[in-house]
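Here is the structure we will look at.
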Amino acid sequence: MKRNGSRGCVTRKTRFGSRERDWLKGDAQRGCVCLYGASEPQPPASGPQTSTSTQPDLKLVLCSTNTTAEELCAQRDVQGLYLQLHGDLIRRLDPSERPLQMLYDYLTAMGYEDPLRVQQEAANSDLSCMIRFYSEKPVNADQQERTLLKGVFSVRKGKTQLHKWAERQVILCGTSLIVASVKDSLTGKMHILPLVGGKVEEVKRRQHCLMFSSAGPQAQTYYVNFDTLADYQRWHRQASKVVSQTISLVDLSCYSLEEVPEYLFYCQDVTHLNLRHNFMSLDGPGGLVNFSRFAQLRSLNLSHNGLGVFPESLCEIQTLTELYLSCNGLSAVPARLENLQSLQTLCLDGNRLDSLPEELGKLSQLCSLGLSFNDFPLIPGVVERLGALDKLAMAGNRVETLDLFGLLRMTHIKSIDLRFIKPDDQDGNGDFAQCLAFLSAVCIRRLVNVPWAFCGPTV
């Protein structure tokens, strides 16, 4: 069925002149990329669209399939380009990535085969609902509200009338309310009010005013007078979520973050931080290199961040008991991981690991280890030295030989997941049955050549 797309840059009625149109038609590997600004895209108005009607933040950039993101940035004088697929997460393009080639590959995967048709469809701004490029990272108001609220308001400390109202910078980030000087901001004196388990209440005798109180016998109180009803409602809504928490959890998953707000480091009561499905970087004020500033952090989830390498700076957070690094393309684990002596759960599923450092055996409290869907040719020998380990996940690895005698020695492991592996041989059926006696929850559904008679009701 023929698809009638919107008018693009290669049609006759366009803001490109004849010279540009001739340049485009001279080679199917040439085209234009629609670059959007940081403002939120507006829905199209109902009714017919004119050929010149465009969104004010939309720019059409001529390029070829060989043009890199770095070259487009230099051409447009911007710091970076960003990609969004299907209205989901937004990631920064690598300097070597080629936006127009990515667009052409996307259309080819959809079924377009004619190069000229691909060139025409790539120029349609209608395609931006599926694949969209930005010249700067867009700001989502709702996401920003849940990540960080900041403003200058009239503030009074304490419940008595002895303290006067004064203009202060007020920040709501993570689990705390931060009150600082307008002039000095974070470089001067700050008051940090932990909100988890505390209270946020409406002050009825004063318009658009909220009372923030911390928990505990020595609770502190701040009154904040907001300028507008919208500000009042926004802060009340977000603060109410924080005070209702039972643990100091900060959930920033699926926010397309490259770093956390720097203010978050001042929330010294944060114990659980969820950064799953982001694009966290190592450097920067809010990058992973600074995460050792979290004094009480116990659980950190960095799964699906495309890290590529294991951030060794995480080995300095000695309070960690849980660390999740699944699906990050990791090919090695640093020996410095032995520093995390409090670690109880380590999840490394879905990476490219084929070995573990011997130093991992010094993690005396590690009780759960996730290694599923990696490239391990055998069960790592260091597992035998992890005396507290009772749960091991090895599903979907490239295990060529299953060492049953090695499993027999690991009597401390009560649950082992060996699904989706195909070892060449399991010598000794009696040994296999004896091994199962030590494993209370063995899962071996996809093992080949396994004597199922010995598996009994455990399978």
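Counted the way this note's numbering counts, the sequence shown spans residues 723 to 1181.
C-beta: ideal position from N, C-alpha, C; glycine also.
Buried versus exposed call for residue i [16 or more other C-beta atoms within 10 Å across all chains shown]
i: residue 1122; result: exposed
i: residue 788; result: exposed
i: residue 1102; result: buried
i: residue 1094; result: buried
i: residue 857; result: buried
i: residue 827; result: exposed
i: residue 1063; result: exposed
i: residue 941; result: exposed
i: residue 1183; result: For residue 1183 there is no data in the structure shown, the boundaries of the chain being 723 and 1181.
i: residue 997; result: buried
i: residue 1127; result: exposed
i: residue 891; result: buried
i: residue 1005; result: exposed
i: residue 927; result: exposed
i: residue 880; result: exposed
i: residue 838; result: exposed
i: residue 907; result: exposed
i: residue 874; result: exposed
i: residue 1120; result: exposed
i: residue 917; result: buried
i: residue 951; result: exposed
i: residue 820; result: buried
CB-CB length for residue i against residue j, believed under 8 Å
i: residue 986; j: residue 896; result: 5 Å
i: residue 1135; j: residue 1100; result: So it is not a contact: roughly 15 Å between Cβ atoms.
i: residue 983; j: residue 869; result: 6 Å
i: residue 1042; j: residue 1069; result: Their Cβ separation, rounded to whole angstroms, is 12 Å, which puts residue 1042 and residue 1069 out of contact at 8 Å.
i: residue 814; j: residue 1001; result: 7 Å
i: residue 1105; j: residue 1132; result: 7 Å
i: residue 795; j: residue 803; result: 6 Å
i: residue 812; j: residue 1025; result: Going by Cβ atoms, the distance from residue 812 to residue 1025 rounds to 18 Å, so no, they are not a contact pair.
CA nearest to the CA of residue i, picked from the options
i: residue 840; options: 1082, 740, 749; result: 749
i: residue 1085; options: 1091, 1099, 1108, 1102; result: 1108
i: residue 991; options: 1018, 798, 951; result: 1018
i: residue 1021; options: 933, 1031, 1039, 1004; result: 1039
i: residue 937; options: 970, 1067, 906; result: 970
i: residue 973; options: 995, 881, 1120; result: 995
i: residue 915; options: 943, 928, 1037; result: 943
i: residue 1114; options: 1124, 1067, 1091, 1129; result: 1091
i: residue 739; options: 784, 1045, 830, 1137; result: 784
i: residue 904; options: 742, 876, 930, 977; result: 876
i: residue 1010; options: 999, 977, 1035, 861; result: 1035
i: residue 860; options: 901, 830, 1120, 780; result: 780
i: residue 1075; options: 1097, 1141, 867, 862; result: 1097
i: residue 1055; options: 1066, 743, 1077; result: 1077
i: residue 832; options: 849, 819, 951; result: 849
i: residue 1088; options: 742, 745, 1067; result: 1067
i: residue 1072; options: 1083, 865, 911, 1049; result: 1049
i: residue 846; options: 910, 830, 756; result: 756
Bridge partner(s) assigned by DSSP for residue i
i: residue 967; result: Partner(s): none; residue 967 has no beta bridge.
i: residue 898; result: 895, 916
i: residue 1143; result: None, per the DSSP bridge assignment.
i: residue 755; result: 783
i: residue 996; result: 973, 1023
i: residue 921; result: 935
i: residue 1067; result: 1044, 1090
i: residue 944; result: 879, 934
i: residue 856; result: 758, 804
i: residue 889; result: 876
i: residue 952; result: For residue 952, which the question treats as bridged, DSSP gives no partner whatsoever.
i: residue 1115; result: 1092, 1139
i: residue 813; result: 805
i: residue 870; result: 895
i: residue 903; result: 907
Beta-carbon contacts of residue i that lie in its chain and below 6 Å, excluding the five residues immediately before and after
i: residue 753; result: 822, 841, 844
i: residue 736; result: Because the pLDDT at residue 736 is just 44, under 50, the model does not fix this residue reliably, and the value given afterwards should be weighed accordingly. Cβ neighbours of residue 736 beyond the five flanking positions: none.
i: residue 825; result: 844
i: residue 1081; result: 1057, 1060
i: residue 1030; result: 1051
i: residue 817; result: 791, 792
i: residue 878; result: 885, 887, 945
i: residue 913; result: 901
i: residue 1032; result: 1052, 1055, 1056
Proximal residues to residue i (C-beta, below 7 Å), its chain only, five neighbours per side dropped
i: residue 921; result: 935, 965
i: residue 989; result: 895, 896, 897, 898
i: residue 854; result: 758, 806
i: residue 834; result: 840, 843
Same chain only: Cβ atoms within 8 Å of residue i, ignoring 5 sequence neighbours per side
i: residue 932; result: 922, 923, 924, 925, 945, 946, 948, 954, 957, 958, 961
i: residue 1007; result: 981, 984
i: residue 852; result: 807, 808, 828
i: residue 786; result: 749, 751, 752, 753, 822
i: residue 1003; result: 980, 981, 1009, 1010
Residue-level contact to chain B via CB, residue i, 9 Å cutoff
i: residue 1056; result: Given the protein chain composition of this structure (a single chain), no chain B is represented.
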